[in-house]
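Read through the structure below, which is laid out as C-alpha cells, and then see the notes.
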Amino acid sequence: MEYLIKQYSLESGALEIQYIEEYFGEFPLKKTAAEIIDRLKNREFLILMAESNLTTDTTETVVPVSYKVVHELHAKEKDPKLIDLVERVQDVVSFDERRVLYNWLGGTRTDWRGQGHFRALTEQSEEWAHAVGFHEVLVKTKNHSYDMRGTLDQLEFNVIKYERHPVDNRNSKVYLSKHLTVDVLRSHTSRRNVTQA
Ligand SMILES: CC(C)(COP(=O)(O)OP(=O)(O)OC[C@H]1O[C@@H](n2cnc3c(N)ncnc32)[C@H](O)[C@@H]1OP(=O)(O)O)[C@@H](O)C(=O)NCCC(=O)NCCS
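The sequence shown: position 82 = 87 (this note's numbering), numbered continuously.
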C-alpha cells in the first residue's frame, strides 16, 4: 500500500487540524487553529496529514484520516508550557549543539486505525527531520494513553523518563525519544506519496 501524505503550510494546516481533532473523543482539550499558529509561527515545524478513501452509499471522497505535528524545541523557550517541558527533560535530553524535535500532536481517526497511517506519517517526519538536521525526536504521553504507548513501542521510541502522578498513576507522564540516525531511516517500511497541500 502507498500512503497519501500531504504537507501543509502553517495557516491551512492549523485549520485542518482544528477540523480533524473534532473526530477525537479521547482529547478533552482540542487545539484551536489560533493556538497551533501561535506555537509554530516562529520555529521550524512540519504538519502532515494522511488521506484515505471515505465511501458512502452514493459517493467516494478522499479525507484526512491521520495527522502529525512536530516542531523544534529550543533549550531556551518563551512559551510557559515549553519552558516547563524543557525543564522536565533537561536531565535526559541534551540540547548542547544538538537540534531537538518535539512530537507535539498526532492521531488517527478511529475507523482508519491499525492501517499503518501513523507509521507512515512518523516515518515521513523522521526522514524530513534527518534531512533538516535534527538529532533527536522527543515525545510525551500519559500512562493511560495505551494506544499511543503501544504505537510508540512499535515505532521503537525509547522511554527516557517517567514522572509519577502524585494521586493517580494513570495520569503519570511518560517521556520517550529516538535518535535520528541513518539506521532509523533504513528501518522505515512504509511507501509514501508526499505532496504539498
Ligand atoms: C495511537 C494512534 C495514533 C495509532 O495510529 P494508527 O494509524 O492506528 O497506527 P498505525 O496503524 O500506523 O500503527 C503503527 C504501529 O503501532 C502499532 N499499534 C497501533 N495501535 C496500537 C495499539 N493500540 N497497541 C499496540 N500497538 C499498536 C501497529 O501495530 C503498528 O505497528 P507495526 O507497523 O510494527 O505493525 C491512534 O490509535 C490514535 O490516534 N489514538 C488516539 C490518540 C491518543 O491516544 N492520543 C494520546 C495523546 S498522546
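Ideal Cβ positions, reconstructed from N, Cα and C, are used throughout, including at glycine. Here the structure is a predicted model, which means the values were calculated and not measured.
Nearest-angstrom Cα distance between residue i and residue j?
| i | j | result |
| --- | --- | --- |
| Ile-22 | Val-68 | 12 Å |
| Asn-6 | Phe-123 | Here residue 6 is Met; the residue named in the question, Asn, does not match the sequence. Distance between the alpha carbons of Met-6 and Phe-123: 14 Å. |
| Thr-200 | Leu-53 | 10 Å |
| Trp-117 | Glu-56 | 10 Å |
| Phe-100 | Ala-134 | 16 Å |
| Asp-43 | Phe-32 | 20 Å |
| Leu-51 | Lys-73 | 8 Å |
| Arg-48 | Gly-18 | 15 Å |
| Met-153 | Asp-62 | 32 Å |
| Val-97 | Tyr-8 | 34 Å |
| Thr-37 | Glu-16 | 11 Å |
Just list the residues that DSSP pairs residue i with in beta bridges.
| i | result |
| --- | --- |
| Met-54 | Lys-11 and Tyr-72 |
| Leu-78 | Val-105 |
| Ser-182 | Leu-143 and Asn-163 |
| Arg-196 | Glu-7 |
| Gly-112 | Tyr-72 |
| Leu-45 | None; Leu-45 has no bridge partner. |
Would the beta-carbon of residue i fall within 8 Å of that of residue j?
| i | j | result |
| --- | --- | --- |
| Val-75 | Leu-34 | no |
| Ala-202 | Tyr-24 | no |
| Leu-126 | Leu-157 | no |
| Arg-191 | His-140 | no |
| Val-189 | Glu-102 | no |
| Leu-78 | Val-70 | no |
| Lys-183 | Val-142 | yes |
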